[in-house]
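In the working numbering, the protein residues as written are 704 to 1589.
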């Protein structure tokens, strides 16, 4: 096996003048020879090379085999590409014999139920705090995995380290060494493809510059450190299931950051989520002080309270914190390979990075062990207080309507259930919080031990601390960037497009506990004289229609509402007539039933096609459908997160395959084989990479009847030369001083009469709007347009600075526009200038070109797979678009 650094240390030392760091273990430690070293199993010293995901599995197995009395390895899932997800549990041999009983005691404490003092004391004595150490959620943040393996070896093998003995005696340590094996494998393979006779310290050498899409992401190019409450990816779902089984008191998520940095550990930066308790922050500070002492002894610089906040609940530190743990992000400067030179000339190695993560991991585990009873008691107190706080809350009960979109609502209930949230189903139709709900609505009682998480993901908005907001507004006024690291809004009901209300009123009707084992209901279809109609209501209906079309079933979409009998069908609904589909012995209704078993959409039998309102099946407003063949621009100059989430939503949520074509290949590809071409968010060099022949190929595709969908950055590309397919443009920031002439000038001399005139003179009047952190905004639909089928309004995610001018009436249609300034912000925080300028600007535009259609999403409808309420809108473009192109 090719091990570049393991075999070439002397060459590297000669060429770089840098001696490779020793393994990370403390000096003078005596190790048990029965515990296999990384060298013995993998062929290199700890920290001397990057361990592959497969070799990490192999080494964990070797350790567990050597010390089964103190270590067990658990498989907890698989990545998209079938790689194992594993964690190791390490504790004393005595506790390992009774591990299930200890785990049960922890679970009882975590349940938050009232306990007598005697019972509580007995459980605290029986239980032990769990310290969960996780590594490598971003596959190209490489050093943490080898730190994890080194830590496991040290905990099992060190014979004269009192810290180790304390950790084993007092705690349970869970080590998850590779959270994102697919991304890590991608990074290591690219590194090995580019390394030469010796690793290079030059940041611009090929081994340090990752090819698209980089190793950060998983197979579907998701950032797994933003997926904790969305649970869209199998790696996340599996990890959270394992987490809930162990109820850790501390959760560390080990990362890497830019190579010119040092090392970060908490206390976290502001803003802090309002549901994080002072006790939790005190524990962060305690661990931070101990890490500081250990890093000082090692001569390693570090920083705290900067950059990495604890506000957004999708992180691998904030989500555990909202469940009662002390969640923390640790960030090591990345060598992005085996050796790296900083801008100041300092050179550090992969082994140095491994050492630093090893030090903080060991120190954290030891700090918990030194304060074991306190950590465990405070965790139990958080969970108990969660129930009490929920009981007192004015928004204790969250009611979620499922009538408009049963499948989307059921998926939300499943997502909550899989995060340890109890969900109840209301049997009868009732009024709650002043609003009526049909039978089957969901209710979530926030008086649960994870009250903080429930209120975060179900409340319409979580307010930023006012003092922090004032500081950010002051920074903007001084021309400084804001300090918000990520989103300010994440309400699950809003993002799913579901009606929900909250109040203190308990349900006054029978309820039953929701279970994710509940089967989708898809009864056998009754006979129908004319055929069947599928209402265009939500993503599940669109998915069924796409699968039916792919199976050969023929039908039409009707671009206006219609009524047959006593049933009203919304715009976009699809009719499958018997006359066009029944052939041979098998009825197409049987096929529909089979397809719908896995979906659970609504299918209505039609005894006739005669409508009492709206078009008939034979009208010119009924358009023939076909299963869309979809291509997606892929590779360099497309943004991985956008490309990946778009592909994921179409393939996994709508069940339709997507063919990805590299941007540089679009000029040569046979685009006529496709009905839809999607350009995800792109960089400014997209057109250069595409080339004029690629531009011409896209023009031909649209002119010949194709549907071209553009997202965010690609909308800008289509609005400029050489495309000019959209008569829109990015707007500069609006400014009240643009025409005020505040400061008089005489040649090169400016005359100022006040501070306001001085600041107006300094302002860049051609600048873009200020960069906005993520917020949820309201958009309103042109309900008469087929592209708005299923919508009158919606909620989308906005971030950044892009604001596009609307299309004029003779240039196309603004199918969705942002709401007015007063009602624009559905959740989160948006600068007032952006709020005023975004009002009534387009979110979705469309225009015709030749025989085809161009559709533009100015912000991504697939952002992080959060916006389930917009999946039907994407389906409008994919399925209804080709039916309206001609």
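C-beta: ideal position from N, C-alpha, C; glycine also. Computed from a predicted model, the values in this text were never measured in an experiment.
- Listed in chain order, the beta strand (DSSP E) runs fully inside the segment 819-864 are 833-838, counting runs of at least 3 residues.
- When the alpha-carbon of residue 881 is set against those of 860, 848 and 897, the nearest one is in 848.
- Beta-bridge partners of residue 1333 (DSSP): 1361 and 1379.
- In the DSSP assignment, residue 1407 falls outside any beta strand (DSSP E) and carries neither an H nor an E.
- The beta carbons of residue 1279 and residue 1302 sit no closer together than 8 Å.
- For residue 1422, the enclosing alpha helix (DSSP H) stretches over residues 1416-1422.
- With three or more CB-CB distances shorter than 8 Å, the segment 1256-1265 counts as touching the segment 1318-1335.
- In the structure shown, residue 1552 falls within a strand segment according to DSSP collapsed to helix, strand and coil.
- Residues of the same chain with a CB within less than 8 Å of the CB of residue 1493, apart from the 5 flanking positions on each side, are 1239, 1240, 1241, 1273, 1274, 1275, 1575, 1576 and 1579 in chain order.
- By the Cβ neighbour-count rule, residue 742 is exposed, with fewer than 16 other Cβ atoms within 10 Å of its own.
- If the five residues before and after residue 759 are omitted, its C-beta is found closer than 7 Å to the C-beta atoms of 848, 852, 880 and 881, all from its own chain and listed in chain order.
- A direct Cα-Cα distance of roughly 22 Å separates residue 1113 from residue 1211.
- Pairing residue 1016 with residue 1167 gives a Cβ-Cβ distance that is not under 8 Å.
- Between residue 1484 and residue 1507, the CB-CB gap reaches or exceeds 8 Å.
- Taken through DSSP and simplified to helix, strand or coil, residue 1347 comes out as helix.
- Excluding its 5 nearest sequence neighbours in each direction, residue 864 has C-beta neighbours in its own chain below 7 Å: 729 and 732, listed in chain order.
- At the C-beta level, residue 1144 and residue 1093 stay beyond 8 Å of one another.
- Under DSSP, the beta-bridge partners assigned to residue 1035 are 959 and 966.
- Residues of the same chain with a CB within less than 6 Å of the CB of residue 1037, apart from the 5 flanking positions on each side, are 959 and 962 in chain order.
- For the options 1122, 974 and 1107, the alpha carbon positioned closest to that of residue 1170 is the one of 974.
- Classified as exposed, residue 1049 has fewer than 16 neighbouring CB atoms from the shown chains inside 10 Å of its CB.
- Between residue 1067 and residue 990, the gap from beta carbon to beta carbon is short of 8 Å.
- Between residue 933 and residue 1568, the C-beta spacing is below 8 Å.
- With 16 or more other Cβ atoms inside 10 Å of its own Cβ, residue 1336 counts as buried.
- A Cβ-Cβ distance of about 11 Å is found for the pair residue 929 and residue 841, leaving them out of contact under the 8 Å criterion.
- The beta carbons of residue 909 and residue 897 sit closer together than 8 Å.
- Taking the CA atoms as reference points, residue 812 sits about 27 Å from residue 1128.
- If only complete runs of 4 or more residues are kept, the segment 1486-1560 shows the alpha helix (DSSP H) at 1535-1541, in order along the chain.
- Between residue 1199 and residue 1572, the gap from beta carbon to beta carbon is short of 8 Å.
- Every beta strand (DSSP E) of 3 residues or more that sits fully in the segment 1155-1214 is shown, in chain order, as 1203-1206.
- Sequence-distant partners of residue 1537 (beyond 5 residues in either direction) whose C-beta falls short of 6 Å from its own C-beta, in its chain, are 1472 and 1475.
- When the five nearest sequence neighbours on each side are left out, the beta carbons in the same chain lying within less than 7 Å of the beta carbon of residue 1209 are those of 1100, in order along the chain.
- Residue 1555 is a Cβ neighbour of residue 1410, given a cutoff of 8 Å.
- Contact between the segment 913-927 and the segment 995-1010 is not established, with fewer than three Cβ pairs separated by less than 8 Å.
- Taken through DSSP and simplified to helix, strand or coil, residue 1291 comes out as helix.
- Annotation: the continuous beta strand (DSSP E) that includes residue 776 extends over 774-781.
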